[in-house]
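Chemist:
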Amino acid sequence: MVDVRVAQVTRFGEPEVLVSAEAPDPEAGPGQVVAEVAAADVLFVETQIRRGGQGAYFGFVPPYVPGGGASGRVVSTGPGVDPAWAGRRVLVRTGNRGGGYAERVPADLGEVLPVPDGLGLREAASLTADAVTGLGLVENARLQPGQWVLVLGAAGGMGVLLVQLARAAGARVVAAARGRRKLDLVDGLGAEVSVDYSRDGWVEAVREATGGKGVDVVFDGAGGTLGVAAFGLVAPGGLFSAHGAPSGGFAPVDAEEARRRGIALRGIADLRFAPDEAVRLLRRALTEAAEGRIRPVIGQTFPLAEAAAAHAAIESRDVVGKTLLLP
Ligand SMILES: NC(=O)c1ccc[n+]([C@@H]2O[C@H](COP(=O)([O-])OP(=O)(O)OC[C@H]3O[C@@H](n4cnc5c(N)ncnc54)[C@H](OP(=O)(O)O)[C@@H]3O)[C@@H](O)[C@H]2O)c1
Numbered sequence: 007m008v009d010v011r012v013a014q015v016t017r018f019g020e021p022e023v024l025v026s027a028e029a030p031d032p033e034a035g036p037g038q039v040v041a042e043v044a045a046a047d048v049l050f051v052e053t054q055i056r057r058g059g060q061g062a063y064f065g066f067v068p069p070y071v072p073g074g075g076a077s078g079r080v081v082s083t084g085p086g087v088d089p090a091w092a093g094r095r096v097l098v099r100t101g102n103r104g105g106g107y108a109e110r111v112p113a114d115l116g117e118v119l120p121v122p123d124g125l126g127l128r129e130a131a132s133l134t135a136d137a138v139t140g141l142g143l144v145e146n147a148r149l150q151p152g153q154w155v156l157v158l159g160a161a162g163g164m165g166v167l168l169v170q171l172a173r174a175a176g177a178r179v180v181a182a183a184r185g186r187r188k189l190d191l192v193d194g195l196g197a198e199v200s201v202d203y204s205r206d207g208w209v210e211a212v213r214e215a216t217g218g219k220g221v222d223v224v225f226d227g228a229g230g231t232l233g234v235a236a237f238g239l240v241a242p243g244g245l246f247s248a249h250g251a252p253s254g255g256f257a258p259v260d261a262e263e264a265r266r267r268g269i270a271l272r273g274i275a276d277l278r279f280a281p282d283e284a285v286r287l288l289r290r291a292l293t294e295a296a297e298g299r300i301r302p303v304i305g306q307t308f309p310l311a312e313a314a315a316a317h318a319a320i321e322s323r324d325v326v327g328k329t330l331l332l333p
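Mapping the sequence shown onto this note's numbering, position 238 (from 1) lands on 244, and the numbers just tick up by one.
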């Protein structure tokens, strides 16, 4: 039997536990296709799962192949699948079953979306998870033109989409990130104001930019003390929506204080999308990107065999936008 190359987590631990390995060439079962991968999505949460902290929650037990999705071309179709799928450019959502860090991925047709003409396979892969969450967050927030929106972690995979989506909704975007390179990126994506939240004075700078009023909405992709500081910037009647905790934990926001200030709180639990809903959001994202209304930002790519280096770069905060693996 022929083998294909995958990146496999051999045990929970540091990035070096993610190694190149061989696996049997997948066969398309009933109702399935197999895609030859062009680009595999890499997520921050996959570094946390690899460390072991959240492996049990997500159901991953080493050895396992990480990866919630990948783009590529259909190379085989299983029983019951229209053979016209063969050769099509597709995006495959493997989600919490993993398996995306591979040369070939099998998937049920319900997990497969055609990639529209005019959109590259790498660009499509970059949207797999971030665009579902980003679009879901922005739709749930019901942004109004002219509202001030603060995005924390604005230069990350999710952040670069949130900046653009909020801007497209007519909001005035304050993008917060660390370092000049990241601020330059978000400036180019339509942020009206950008602030370096690794430096003292960023909270005051945001307050000043909004004329002292504060922001209407926070999308917190950083968590911890940064999130707490951002919570203090929400104007009465506003929304504090937390989706990320790369700084070590979600912002410990005081629910009673939020009630007093009339601030609505949303968290990660509000971001569980039913499969149909996730597919609707992803289909919309692919169309928006194909028609040029959102611009995927692929900051860096790594060969599949160097998946460990990709994880290490994400953990060292050394990446911008999306990180992809290329078989
Ligand atoms: N992608 C999704 O679909 C999704 C869904 C639900 C939740 N989330 C969560 O949202 C957060 C952001 O996800 P993402 O995919 O945008 O990740 P990402 O591309 O790795 O970006 C994370 C950003 O967080 C900032 N950060 C702050 N403290 C950090 C630290 N200690 N280590 C690493 N980065 C740190 C970094 O920017 P600075 O250096 O500028 O601070 C980085 O740009 C994560 O917590 C993720 O689990 C993501």
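Quick reminder that beta carbons are idealized off the backbone N, C-alpha and C, glycines included.
1) In angstroms with no decimal places, state the Cα-to-Cα distance between Leu171 and Val240.
2) Grab me the residues of Ala44's own chain with a C-beta within less than 6 Å of its C-beta, minus the 5 sequence neighbours each way, in chain order.
3) What do you get for Gln150, buried or exposed, if any count of 16 or more other CB atoms within 10 angstroms of its CB means buried?
4) With a CB to CB cut of under 6 Å and the five nearest residues on each side skipped, what residues in its chain are close to Glu33?
5) Mind checking Val67: buried by the 16 CB within 10 Å criterion, or exposed?
6) Could you give the distance in angstroms between the alpha-carbon of Val341 and the alpha-carbon of Ile274?
7) DSSP state of Asp123, grouped into three classes?
8) Figure out for me which residue from Ile304, Ser322, Val23, Ala311 has the closest Cα to the Cα of Gly165.
9) Give the range of the beta strand (DSSP E) segment to which Ala41 is assigned.
10) Please state whether the Cβ-Cβ distance between Ala183 and Gly159 is less than 8 Å.
11) If you follow the beta strand (DSSP E) that Arg272 is part of, which residue opens it and which one closes it?
12) Please go through the stretch 95-163 and give each complete alpha helix (DSSP H) segment of 4 or more residues, from N-terminal end onward.
13) Per the DSSP calculation, Ala183 is bridged to which residue(s)?
14) First and last residue of the alpha helix (DSSP H) that includes Glu321?
15) Exposed or buried, Glu214, counting other C-beta atoms within 10 Å across all chains shown (16 or more means buried)?
16) Could you tell me which residues DSSP puts in a beta bridge with Gln306?
17) Closest Cβ-Cβ distance between Leu239 and chain C: below 8 Å?
18) Give me, in chain order, the residues of the same chain whose beta-carbon lies closer than 8 Å to that of Gln60; leave out the 5 immediate sequence neighbours on both sides.
19) Could you spell out where the beta strand (DSSP E) holding Val81 opens and where it closes?
20) Under the criterion of a Cβ to heavy atom distance below 7 Å, does Ala1 qualify as lining ligand 1?
21) Is any non-hydrogen atom of ligand 1 found closer than 7 Å to the C-beta of Arg56, if you look at the structure I gave you?
22) Buried or exposed: where does Tyr107 fall if 16 or more other Cβ atoms within 10 Å of its Cβ makes it buried?
23) My output table needs one value for Phe64: the three-state DSSP class, helix, strand or coil.
24) Rounded to the nearest angstrom, how far is the Cβ of Gly229 from that of Ala261, given a contact under 8 Å?
25) Give me the Cα-Cα distance between Ala270 and Gly243, rounded to the nearest whole angstrom.
26) Just the Cα atoms here: how many angstroms apart are Phe256 and Asp324?
27) According to DSSP, Phe246 sits in a beta bridge with which residue or residues?
Modeler: In short:
1) 20 Å
2) Ser77, Gly78, Leu127
3) exposed
4) none
5) exposed
6) What is shown of the chain runs 7 to 333, which leaves residue 341 out entirely.
7) coil
8) Ile304
9) 38-48
10) yes
11) 270-272
12) 127-133, 136-147
13) Asp202
14) 313-321
15) exposed
16) Thr329
17) Although the question refers to chain C, the structure presented lacks it and comprises just one protein chain.
18) Val51, Gln54
19) 75-83
20) This structure cannot speak to residue 1, because the chain is shown only from 7 to 333.
21) no
22) buried
23) helix
24) No, Gly229 and Ala261 are not in contact; Cβ-Cβ is about 16 Å, not under 8 Å.
25) 7 Å
26) 21 Å
27) Val224, Leu271
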